[in-house]
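Novice: Attaching a single structure in structure tokens format; questions to follow.
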Amino acid sequence: MGSRGDSITELRGHLIICPVGPSDMPLLHRLGEAIRGTCGMVCEVVEVLDLPRQALDRGRGQYDCHAILKSLLKVESNCLRFMGVTEADLFIQALRYVYGVSQVDGRCSIISAHRLFPEFYNEAPDRGLLLQRLTKTAIHELGHSMGLTHCRERRCVMYSSIRIADTDFKGACFCPTCSELFRWNLERCLDCRTFRQ
Ligand SMILES: [Zn+2]
Ligand SMILES: [Zn+2]
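Note that the numbering used here has the sequence shown beginning at 47, numbered continuously upward.
Dropping the structure here:
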């Protein structure tokens, strides 16, 4: 998994991983373990949510990220962060495709495994590589949802992936600066919650 930078192990915050549409459940449980190892958040994989029909753009054959995010926002949960994971291909207006999208500093994210499968690039199936890519994509979006922006350090998980080679080149961890910011923002979120209760 290309371990690099500090692991943030002593903090706890609850992340829900929600499969959206047909999903590989064992893979999602392994994703949860990987996120927990890097981000120090307890991860729970919940029941599958159907792909919202209104999110499908028939002309493009892809699903609209924002329509899916809207559906995720309706799911009641007291978790700190809520991440949908789908195998459907995602887009936002003006972009051909996206690997994922988050509400910046918000609760929900959606990521897609569609373009993370080696088979998508006519390569042999490789579940290890798929999990690595999925982990990097998930931690990247979790970073955005925690208020982090893109990083110029190409090995940092917050580096923007334009193509799959960017994802494969970068690590699954935050660089020291992003790690510090993530930890600080997570602490702040947890403090706010304690305050409200
Ligand atoms: Zn990004
Ligand atoms: Zn960074």
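C-beta atoms are modelled at their ideal positions from N, C-alpha and C, and glycine is treated no differently.
1. Quick one: residues with CB closer than 6 Å to any heavy atom of ligand 1, in chain order, please.
2. Figure out for me which residue from K120, L74, V92, G152 has the closest Cα to the Cα of L232.
3. For the segment 148-165 and the segment 196-207, state whether three or more C-beta atom pairs, one from each stretch, are separated by less than 8 Å.
4. D103 by DSSP, collapsed to three states: which one?
5. Given the structure, does M192 come close to ligand 2, in the sense that its CB is under 8 Å from one of the ligand's heavy atoms?
6. For the structure I just gave you, are there three or more beta carbon pairs, one from the segment 116-123 and one from the segment 87-105, closer than 8 Å?
7. Return yes when the C-beta of F215 is under 8 Å from any heavy atom of ligand 2, and no when it is not.
8. With a CB to CB cut of under 6 Å and the five nearest residues on each side skipped, what residues in its chain are close to L61?
9. Between which two residues does the alpha helix (DSSP H) containing P214 stretch?
Specialist: Taking the geometry as given:
1. H186, H190, H196, S206
2. In the sequence shown, residue 232 corresponds to position 186, counting from 1. When only C-alpha atoms are compared, the closest one is G152.
3. no
4. Walking along the sequence shown from the start, residue 103 turns up at place 57. Three-state result, D103: strand.
5. In the sequence shown, counting from the first residue as 1, residue 192 sits at position 146. Because no heavy atom of ligand 2 lies under 8 Å away, the Cβ of M192 does not count as near it: no.
6. yes
7. Indexing the sequence shown from 1 puts residue 215 at position 169. Because no heavy atom of ligand 2 lies under 8 Å away, the Cβ of F215 does not count as near it: no.
8. Mapped onto the sequence shown, residue 61 falls at position 15. Excluding sequence neighbours, L61 sits near M87, C89, R127.
9. Sequence index remark: in the sequence shown, residue 214 carries index 168 (1-based). What sits at residue 214 in the sequence shown is Asp, not Pro. Residues 210-215.
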